[in-house]
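Using the numbering used here, read the sequence shown as starting at 524 and increasing by one per residue. The beta-carbon is built from N, C-alpha and C at its ideal position, and this holds for glycine as well. One structure is given below, encoded as structure tokens.
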Amino acid sequence: MTTLARRPDTLTRDALTVLQPGFTGTTAPDWLLRRLGEGLASVGLFGRNITSPDQLAALTARLRTERDDVLVAIDEEGGDVTRLEVHTGSSFPGNHALGAVDDVELTRQVAYELGHRLRTCGVNLNWAPSADVNSNPANPVIGVRSFGADPELVARHTAAYVTGLQTAGVAACTKHFPGHGDTSVDSHHALPRIDASRSVVLDRELAPFRAAIAAGTRAVMSAHILIPSLDPDRPATLSHPVLTDLLRGELGYTGLIVTDGMEMRAIAGTYGIERGSVLAIAAGADAICVGGGLADDETVRLLRDALVRAVRTGELPEERLADAAERVRTLARWTATPPQEPAARRPADVGLLAARRAVEATYPADSAPFEPLREPPYVAAFTPVANFAVGNETPWGVAAELVRLLPGTRTGTFTGEAAARAALAEAGPSRIVAVVRDEHRHPWMSAALDTLLAARPDTIVVEMGVPQSPRRGAVHLATHGAARVCGRAAAEIITGE
């Protein structure tokens, strides 16, 4: 039993223990190493911290010289959201591609291989998988990060992904509880609201989380979303009815509850990160994720002091903070267990194999058989603004792979109302490959394809987002994601490789 008469240094250490901050640069700053010595138990990594596997391994090793049981977390979903391969694009397709294939053993193999790479580099907590049911096609932040729109499909692949990651010795953090799939607002920018009934939420949104819990997920990440049928007053991250009554009570979950990034505007713009962090721990969260946008010692100090002050004023029960800190330490002990060896040898390049299986090719019913390209084409990439989770640092598309397969391939990036006219002018007589991403969410993109196909009906269309729009073009390739391997799989079909 936790006693309430605790020394101030223990209270301060517990406040540091529940934080998961980030930092800038590719080496650990002095302030971060000092905080690890003072009680900080977790560090979050982002693309800005990684240049290569060797550099990442050296970085995590340095962190462990200060604290050997540190949780090193990363937001590595594969597919469109990659930190390991932020500068090249991922070697693994994302969830939507895996859901399109619908082979749970393949999903498990992909997750195992991704987890193996993370573990080799010293990362032991992955803020993945996304268990969101993408029931709203207009969702601006989930999309291809979801396995699909069918709750049962999402559930079985979420469970397989959790199993694969954790077999490799990396704790899975299933997100975004209780489900971010039915939103039309990105919580990085504002507070989304889901007006579904409680029964719909329980049946549709929670099915994948039940499956993840049954599979033994070591962590669950909360969502910054307001669901009035669950709690009319506070977003899930700050809601005792959602985190404690529902997740812990009704679903029986006993592992670590991590918040989504507290600097996101859904929380920072409404409650502020200090008060939001206190409310989150009080509601039942065990770890405060912060560092995507705020990545400095001052942020750690402010949050530590806010938690300590809340305990001393009685706003936050001391035993609740102590319980949260102990759950962090429990997860750290689990990560010290050597990973299991896979029961069967995993195939080489499992990510590429999965991406190839995920591509869906659609040909016009009344057309001649598609002839693969033998001459270098012009690739017109109709590029939307990337959401915050995906970022704009990671290359996407098919141009790089077509350049490799058909040297002399040219490419250009286009956006807005004049996109098609500009692409036609740049392409000249070359065959056009038009690359889109979530055409159904961008009217300008759909209009650009209309214009392009009217002028050049032999245009090849590659959809690298959710293939919601009518499929058209001389051939339409739906890759179900924009990972590098998805681009390669599409390029192989275009060239007949």
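- Between F905 and the set R880, A878, G939, L876, the nearest pair of CA atoms involves G939.
- With respect to the 9 Å criterion, E898 and G931 are classified as neighbours on the basis of their beta carbons.
- With a contact defined as Cβ atoms closer than 8 Å, I750 and I790 miss out at about 15 Å.
- For A713, the three-state secondary structure derived from DSSP is coil.
- In the three-state scheme derived from DSSP, where H, G and I count as helix and E and B as strand, V604 is classed as strand.
- Excluding the 5 residues flanking it on each side, R606 has same chain C-beta neighbours closer than 7 Å at L568, F569, G570, I573, I597, D598, E599, in chain order.
- Contact annotation, V831 with T535: C-beta distance approximately 6 Å; criterion of less than 8 Å satisfied.
- Taking a cut-off of 8 Å for Cβ pairs, the region 580-592 and the region 690-707 do not touch, as fewer than three such pairs fall below it.
- The DSSP-derived three-state label of Q991 is coil.
- Note on geometry: alpha-carbon atoms of L875 and V1008 lie some 5 Å from one another.
- Residue pairing for Q543: DSSP places it in a beta bridge opposite C812.
- The DSSP assignment places 742-745 as complete runs of the beta strand (DSSP E) inside the region 707-771, in order along the chain (cut-off: 3 residues).
- With fewer than 16 other beta carbons inside 10 angstroms of its own, P892 counts as exposed.
- Three or more beta-carbon pairs drawn from the region 537-548 and the region 833-853 are found closer than 8 Å, and the two stretches are therefore classed as touching.
- E561 sits in a helix when the DSSP states are folded into three classes.
- Rounded to the nearest whole angstrom, the CA to CA distance from V765 to D754 is 7 Å.
- In the DSSP assignment, S613 forms no beta bridge with any residue.
- A distance of 9 Å or more separates the beta carbons of R668 and V743.
- Shown here, V566 sits in a strand according to DSSP, grouped into three states.
- A Cβ-Cβ distance of about 7 Å is found for the pair E883 and A623, placing them in contact under the 8 Å criterion.
- The straight-line gap separating the alpha-carbon atoms of L641 and A941 is approximately 43 Å.
- One alpha carbon belongs to P861, the other to A948, and they sit about 58 Å apart.
- Taking 3 residues as the minimum length, the beta strand (DSSP E) runs contained wholly in the region 879-936 are 883-885, 901-905, in order along the chain.
- Between the C-alpha atoms of R944 and A970 there is a straight-line separation of about 11 Å.
- Annotation for A584: G645 place their beta carbon closer than 8 Å to its own, counting only its chain and skipping 5 residues before and after.
- Annotation for T588: no beta strand (DSSP E) segment contains it, though the alpha helix (DSSP H) segment containing it runs 576-589.
- When C-alpha distances from L774 are compared across I811, G816, G784, R733, the shortest belongs to R733.
- With contacts defined by Cβ atoms closer than 9 Å, G1010 and H619 do not form a contacting pair.
- By a beta-carbon distance limit of 8 Å, V685 contacts A738. Their separation comes to about 4 Å.
- Taking T934 as the centre and dropping the five residues before and after it, the same chain places the C-beta of V902, A922 closer than 6 Å to its C-beta, in chain order.
- In this structure, the alpha-carbon of H963 lies about 8 Å from that of P990.
- Inter-residue distance for P616 and T836 is about 48 Å (C-alpha atoms, whole angstroms).
- The shortest CA-to-CA distance from A877 to any of D626, A1001, E786 is the one to D626.
- Non-local beta-carbon contacts of L896 in its own chain, meaning distances under 7 Å to residues more than five positions away in sequence, involve L929, R954, I1017, T1018 in chain order.
- In this structure, the beta-carbon distance from T853 to A806 does not fall below 9 Å.
- Excluding residues up to 5 positions away in sequence, R994, H999 lie with their Cβ nearer than 6 Å to the Cβ of T885 in the same chain.
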